[in-house]
Every structure is written in structure tokens, then in C-alpha cells.
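These notes are about the structure you will find just below.
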Amino acid sequence: MEIRMSILIKFIAEHGCRAVPLGSDKFLCEEQFAGESFPDTANEFYGPYWTPVPATKVAVRNWLGY
0 MEIRMSILIK FIAEHGCRAV PLGSDKFLCE EQFAGESFPD TANEFYGPYW
50 TPVPATKVAV RNWLGY
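Note that numbering that gives the first Met the number 0 numbers the sequence shown so that position 52 is 51, with each residue one more than the last.
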């Protein structure tokens, strides 16, 4: 289980995001939001927001927007 979690955390990190394990079956994944573009023209970042994501490859890929 720990090996799978570390692989998924590495996969998330390769996409410029952060994740921390939350128990044995979920991550807290960090999201940054901005206006119309990232970063937005006023340099106003909204976040970080932490989203619980199940520790499965499908859920992580969906969270990343695949």
C-alpha cells in the first residue's frame, strides 16, 4: 500500500501539484486557483485549497484533468 501511495504522490508531483497521504485510502491534494489565466493578471492567487482524492490511479488522473 505504501509503495502505491508513494508512486501516486510522485505522479502528482510530476504535474506540479502537491499531495499528502490522508490515512490509507486518500490524499489531500493542493490546488491553486486564479482568475481567467494562471497566474491571473492581477497576481491574485486563490488558495491553496486542499481536496481529498481517493488513492487510486483513476481518481488521481481525474483530479489532474485527464
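Cβ coordinates follow ideal geometry from the N, Cα and C atoms, glycine included.
Where Ala54 falls: helix, strand or coil (DSSP): Coil.
What separation, rounded to the nearest whole angstrom, lies between the Cα atoms of Cys16 and Asp24? Cα to Cα, Cys16 sits roughly 19 angstroms from Asp24.
Spatial distance of Gly34 from Gly64 (CA atoms): With a pLDDT of only 49 at Gly34, under the threshold of 50, the placement of this residue in the model should not be trusted; the figure read from the coordinates follows. Across the structure, Gly34 and Gly64 are spaced so that their CA atoms are roughly 18 angstroms apart.
Per-residue burial, Met18 [other beta carbons within 10 Å of its own, 16 or more giving buried]: The sequence given here places Ala at residue 18; Met does not occur at that position. Buried.
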